[in-house]
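The structure appears below as structure tokens.
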Amino acid sequence: MKNSSYYFTKLKASSITIILIILMAVVTIASYFVDMTSLTMVGALVEQGQWWRLLTGFLNQGTIVGLALNALMLFWIGYRTENIFGRWRYLLIVIASAVVSNLIVFLGYRFWGGYGVSGGAGGVIFGIGGSAVALFMLYRDRYMYLLPPILTSVGVIAAWTIIFSYGNLLSQLGGFLGGFLIAGLICNISPPK
């Protein structure tokens with residue numbers, strides 16, 4: 000059995016992931032009492048100049064069930080990825096994934112119609128998954144252990160989205176693309192530890 004210092008070290012090394020989960024929890028729980036739709040990505044409002052929604056859309060999970068699932072998945076894959084990339088590169092992956100996932104939804108709204116609404120961390124989680132795939136493709140032997148848990152998490156969220164129509168598949172695909180591309184760029188500039 001591992002001692003408590005092992006787990007404390009894991010949590011300490013995952014500070015960005017923990018902060019993101021806390022922010023998601025605060026925003027989601029607060030949305031039950033205060034109107035937090037100003038953070039949700041709404042295509043029509045982005046079109047009117049509210050560009051911050053491309054970044055903040057992932058903070059509100061909509062429901063406690065969505066919060067629980069996304070927090071679990073984010074922790075499950077986030078701490079591994081954060082420990083490999085380091086805090087600041089991991090934060091860049093999260094930001095790029097959030098922006099690209101919401102940008103793809105916005106472009107879908109702009110050019111093909113529909114609601115153009117996106118919220119939840121699915122795009123960010125898929126972006127972290129995309130970063131792991133990029134890492135695996137560039138450093139196959141070194142990071143093989145990373146792929147199964149991340150693909151499992153991404154698979155669970157994809158299945159949840161398809162079976163229960165819970166989530167935004169376009170957002171998730173955009174997040175995957177954003178995470179994959181930014182991680183490939185980061186790895187080429189400065190390889191992870």
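Numbering (numbering that gives the first Met the number 0), first residue to last: 0 to 192.
Glycine included, each C-beta is placed from N, C-alpha and C at the ideal position.
Is residue i near residue j, with beta carbons less than 9 Å apart?
i    : j    : result
S100 : Q171 : yes
M23  : L90  : no
L54  : I20  : no
A29  : G56  : no
I83  : L145 : yes
Using the beta-carbon count (16 or more within 10 Å), is residue i buried or exposed?
i    : result
S13  : buried
S189 : exposed
L71  : exposed
E46  : exposed
V132 : buried
P191 : buried
V116 : buried
Report the CB separation of residue i from residue j in whole angstroms; it is logged as a contact under 8 Å.
i    : j    : result
G174 : G129 : 7 Å
T16  : E81  : 5 Å
G178 : F125 : 7 Å
L66  : T27  : 5 Å
I76  : I149 : 5 Å
Quick one: complete alpha helix (DSSP H) runs, 4+ long, within the region 106-151? 121-137
Decide if the region 176-188 is in contact with the region 125-138; the criterion is three or more beta carbon pairs, one per stretch, under 8 Å apart. yes
Stretch-stretch touch, CB-based, cutoff 8 Å, three pairs: the region 151-161 with the region 91-110: no
Using 8 Å as the cut-off, can you tell me whether the region 56-74 makes contact with the region 120-132, which would need three or more C-beta pairs spanning the two stretches below that distance? yes
Inside the region 8-69 only - alpha helix (DSSP H) runs reaching at least 4 residues: 14-29, 42-46 and 52-55
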